[in-house]
Amino acid sequence: MGRDYFNRRNYGCRIKEFTINGYRHMSLENNLIKIGIALDKGADIYEFLYKPKDIEFMFSWGTHMDRDIVPGIASGKGNFMDYYEGGWQELFPGISCGEGVNGAEMGMHGEVALLPWNMDVLEDSEKKITVELSVATLRFPFILKKTLTLLENDSVLYVEEEIINSGVQTMQYQWGHHPAIGGNFLDETCEIIVKGTPAVKGVQADLGSVSCLEAGQEGIWPVVTDQSGNPCDLSKVEKKESKTYREFSLSNLEEAEFIVKNNRLQIGFGMRWEKDVFPHLWVWQMYGGGFDYPFYGNAYTLALEMWNSLPGGLSEAIRQKTAPSIGPSENKKTRFQVFVTLPDEA
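By the numbering used here, the letter at position 127 of the sequence shown is numbered 127, and the numbering carries on one by one without gaps.
Next comes the structure, spelled out in C-alpha cells:
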C-alpha cells in the first residue's frame with residue numbers, strides 16, 4: 001500500500017488510507033473536493049464531495065461493502081448487482097451482460113469492478129497528489145492502470161488510464177465508466193447538458209410504461225416522441241415520485257463532454273474525455289421506476305457512462321464487429337477530467 005510514503009497532513013492536498021469491514025479504502029482530498037475510493041472493490045469511487053457547499057455528487061445504494069456478506073446463490077449474470085453500492089465503477093473488459101468469449105465466462109460489466117486493486121503513491125505534496133491504481137483481470141490477459149491527480153485550489157479530478165494486453169493473442173474488449181449521480185445533488189431541477197444533437201437509441205428491451213421510449217426507439221437529443229405521441233425531454237431530470245426509468249445511448253457526439261447542472265443549487269458535475277476512445281454515451285435514468293430486483297422502486301439516480309462500443313455485451317459487439325481489438329503486448333492510453341462547475345462556468 002505504500003503507507004510509509006504518506007505525509008501526515010490534514011491540510012492542502014492529502015491522501016489517507018483506512019479499512020472498513022475488511023475492505024481497504026482511500027481518500028484523495030484538497031481544499032475543495034474529496035474523493036472516496038474502495039480499493040478492494042473495483043477501485044470504485046463512492047464519494048465525490050464538493051466541500052465548500054457540502055454537496056455529494058455520487059449515488060449511494062444500500063449495499064454494504066463487507067467481506068462477510070455472501071449471496072445465497074450466484075447470479076447467472078454475475079454478482080455485480082449483489083455488491084453494487086452506487087458510485088462510479090470501471091467497466092472492463094466487457095460492458096453490460098453477454099455470453100462468454102474466448103472460452104471464458106464473463107459476468108455483468110466485466111471483471112475489474114469486483115476485483116481488488118493495487119495502489120502506489122506517485123506524488124504527495126501540499127500542492128499536488130497523484131496515485132496509481134492497477135489491476136490484472138482473472139479470466140482475460142489484461143492489465144489496467146490509472147492515475148488519479150488532485151491539485152491545490154482546483155475542483156477537477158485528473159485521470160490517465162492505460163490498458164495492456166499481456167497475452168500472446170489479439171483480444172477484443174469493451175471499456176466504459178459507470179458514474180451514478182445522486183446524493184444531495186440530484187433533484188428535479190437538474191438538467192443534462194450535452195452539446196449538439198446526438199443520435200438517441202433506446203435500450204433493446206421493453207421497459208414498459210415506466211419509460212417514454214420503446215425498445216430500440218431512435219430519435220435526436222434531447223426531445224423524442226414518447227409512446228403516446230407526446231414530446232419527452234430526455235435532458236430534464238424528473239422527481240423520484242415520477243417512477244420513471246429510461247436507458248438509451250447517445251452517439252455522434254459533437255463534443256465528448258457532459259454537465260449535469262442543478263439549477264436550484266447553482267452547481268454542476270461534469271466529465272470531459274477523448275471522443276476517439278469513448279465515442280458513445282450510455283444514459284441510465286432511474287427516477288424511482290426500477291421495480292423488482294435489485295432496486296424495487298427505491299433508486300433515484302442518473303448515470304452518464306462513456307462507452308467505447310455499442311451494443312452492450314462483448315459477445316454481441318464482437319458479432320456486430322464493433323468491439324475494438326488490441327494486439328499482444330500492445331497498450332491503449334487515454335485521459336479525462338471530472339469537474340465541478342459553478343454559476344459562471346456551467
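Cβ coordinates follow ideal geometry from the N, Cα and C atoms, glycine included.
message: Would L234 and F258 qualify as a contact pair, given that the criterion is a beta-carbon distance under 9 Å?
response: Your numbering for residue 234 matches position 234 in the sequence shown. Your numbering for residue 258 matches position 258 in the sequence shown. No, the Cβ-Cβ distance between L234 and F258 is not below 9 Å.
message: For L133, which residues in the same chain have their Cβ closer than 6 Å to its Cβ, ignoring the five residues on either side in sequence?
response: One-based indexing of the sequence shown puts residue 133 at position 133. Around L133: A43, W117, M119, K146.
message: By the DSSP assignment, the alpha helix (DSSP H) with E160 in it spans what residues?
response: Position 160 of the sequence shown, counting from 1, holds the residue named residue 160. Premise fails: E160 lies in the beta strand (DSSP E), 156–165, not in any alpha helix (DSSP H).
query: Do the stretch 322–340 and the stretch 221–229 touch if we need at least three Cβ pairs shorter than 8 Å?
result: The answer is no - the stretch 221–229 does not touch the stretch 322–340, with fewer than three Cβ pairs under 8 Å.
message: Using C-beta distances below 6 Å, list every residue in its chain close to V338, excluding the 5 sequence neighbours before and after it, in chain order.
response: One-based indexing of the sequence shown puts residue 338 at position 338. Excluding its 5 nearest sequence neighbours in each direction, V338 has C-beta neighbours in its own chain below 6 Å: L157, M271, listed in chain order.
message: I believe I267 touches G176 by the beta-carbon criterion, under 8 Å. Please report the beta-carbon distance rounded to the nearest angstrom.
response: Position 267 of the sequence shown, counted from the start, is the residue given in the question as residue 267. Position 176 of the sequence shown, counted from the start, is the residue given in the question as residue 176. Not really, about 26 Å apart at Cβ, beyond 8 Å.
message: With the cut-off set at 9 Å, would you say K261 and I193 are in Cβ contact?
response: Along the sequence shown, read from residue 1 onward, the residue named residue 261 stands at position 261. Along the sequence shown, read from residue 1 onward, the residue named residue 193 stands at position 193. In this structure, I193 lies closer than 9 Å to K261 by Cβ.
Beta-carbon proximity check, G12 vs S125, cutoff 9 Å: Position 12 of the sequence shown, counting from 1, holds the residue named residue 12. Position 125 of the sequence shown, counting from 1, holds the residue named residue 125. Taking 9 Å as the Cβ cut-off, G12 and S125 qualify as a contacting pair.
- prompt: So who's on the other strand from E91, going by DSSP bridges?
  reply: Mapped onto the sequence shown, residue 91 falls at position 91. With the sequence shown as reference, residue 91 is identified as Leu, and Glu is not the correct amino acid for it. G176.
message: If the criterion is Cβ atoms closer than 9 Å, does the pair S249 and V200 meet it?
response: Sequence index remark: in the sequence shown, residue 249 carries index 249 (1-based). Sequence index remark: in the sequence shown, residue 200 carries index 200 (1-based). Yes.
- prompt: What are the start and end residues of each continuous beta strand (DSSP E) run of 3 or more residues lying completely inside the stretch 195–248, in chain order?
  reply: The qualifying runs are 199–202, 218–220, 223–225, 231–233.
task: Between the Cα of I35 and those of K41, G327, L49, spot the shortest distance and give me the residue it belongs to.
output: As a working note, residue 35 is residue 35 in the sequence shown. Cα-wise, what sits closest to I35 is L49.
message: Would L314 and Q174 qualify as a contact pair, given that the criterion is a beta-carbon distance under 9 Å?
response: By 1-based counting over the sequence shown, the position of residue 314 is 314. By 1-based counting over the sequence shown, the position of residue 174 is 174. Taking 9 Å as the Cβ cut-off, L314 and Q174 qualify as a contacting pair.
message: The beta strand (DSSP E) that contains I69, what's its start and end?
response: On the sequence shown, position 69 is the one that residue 69 refers to. First-last for I69: undefined, no H or E at that position.
- prompt: Given that a residue counts as buried once 16 or more other Cβ atoms are within 10 Å of its Cβ, and exposed if not, what is E218?
  reply: Within the sequence shown, the letter at position 218 stands for residue 218. Per the 10 Å Cβ criterion, exposed.
field: Proximity below 9 Å, CB of L302 to CB of T189
entry: The count along the sequence shown starts at 1 and reaches residue 302 at position 302. The count along the sequence shown starts at 1 and reaches residue 189 at position 189. Contact: no.
query: Skipping 5 residues on each side, what residues in its chain have a beta carbon closer than 6 Å to that of T170?
result: Along the sequence shown, read from residue 1 onward, the residue named residue 170 stands at position 170. Within its own chain, the residues whose Cβ lies closer than 6 Å to the Cβ of T170, once the five positions on either side in sequence are excluded, are S325, G327, listed in chain order.
- prompt: What's the call for D66, buried or exposed, on a 16-neighbour Cβ count within 10 Å?
  reply: As a working note, residue 66 is residue 66 in the sequence shown. With a threshold of 16 other beta carbon atoms within 10 Å, D66 falls short and is exposed.
message: In the DSSP assignment, the beta strand (DSSP E) including L304 goes from what residue to what residue?
response: Position 304 of the sequence shown holds residue 304. Its beta strand (DSSP E) spans residues 300–307.
message: Rounded to whole angstroms, what is the Cα-Cα separation between K41 and V135?
response: For the purposes of this step, residue 41 is taken as the residue at position 41 of the sequence shown. For the purposes of this step, residue 135 is taken as the residue at position 135 of the sequence shown. So the alpha carbons of these two residues sit roughly 11 Å apart.
- prompt: Can you tell me the Cα-Cα spacing of V340 and S155, whole angstroms?
  reply: Counting from one through the sequence shown, the residue named residue 340 turns up at place 340. Counting from one through the sequence shown, the residue named residue 155 turns up at place 155. When rounded, the separation of the alpha-carbon atoms in V340 and S155 is 6 Å.
- request: With a threshold of 8 Å, establish whether the CB of G94 neighbours any heavy atom of the ligand PLP.
  value: What this structure holds is no ligand at all, so the ligand PLP is not there to describe.
message: Measuring straight from C-alpha to C-alpha, what distance separates P279 and K53?
response: In the sequence shown, residue 279 corresponds to position 279, counting from 1. In the sequence shown, residue 53 corresponds to position 53, counting from 1. Separation of P279 and K53 (C-alpha to C-alpha, rounded to the nearest whole angstrom) is 33 Å.
message: DSSP has C97 in a bridge; who is on the other side?
response: On the sequence shown, position 97 is the one that residue 97 refers to. None; C97 has no bridge partner.
field: Integer-rounded CB distance, given that M26 should sit under 8 Å from I45
entry: As a position in the sequence shown, residue 45 is number 45, starting the count at 1. As a position in the sequence shown, residue 26 is number 26, starting the count at 1. Actually they are not in contact, since the Cβ atoms of I45 and M26 sit about 11 Å apart, beyond 8 Å.
- request: Return helix, strand or coil for R14, following the three-state DSSP convention.
  value: For the purposes of this step, residue 14 is identified with residue 14 of the sequence shown, where counting begins at 1. R14: strand per DSSP, three-state reduction.
Top-ranked residue by Cα proximity to Q204, from G182, D82, C97, N79: For the purposes of this step, residue 204 is taken as residue 204 along the sequence shown, with counting starting at 1. Here the closest residue by C-alpha is C97.
- prompt: Residues bridged to Q285 by DSSP?
  reply: As a position in the sequence shown, residue 285 is number 285, starting the count at 1. DSSP, once it has assigned bridges, lists R246, L302 as partnering Q285.
- prompt: Which value, in whole angstroms, describes the spacing of the CA atoms of Y84 and A299?
  reply: Along the sequence shown, read from residue 1 onward, the residue named residue 84 stands at position 84. Along the sequence shown, read from residue 1 onward, the residue named residue 299 stands at position 299. So the two alpha carbons sit approximately 12 Å from each other.
field: C-beta atoms of I55 and N184 nearer than 9 Å
entry: Taking the sequence shown and counting its residues from 1, one reaches residue 55 at position 55. Taking the sequence shown and counting its residues from 1, one reaches residue 184 at position 184. Cβ distance < 9 Å, so I55 and N184 count as in contact.
query: According to the Cβ coordinates, are L148 and I37 closer than 9 Å?
result: Reading the sequence shown from its first residue, position 148 is the one you call residue 148. Reading the sequence shown from its first residue, position 37 is the one you call residue 37. Going by beta carbons, L148 and I37 fall inside the 9 Å limit.
Residue environment, I129, which counts as buried when at least 16 other CB atoms sit within 10 Å: Taking the sequence shown and counting its residues from 1, one reaches residue 129 at position 129. By the 10 Å Cβ count, I129 comes out buried.
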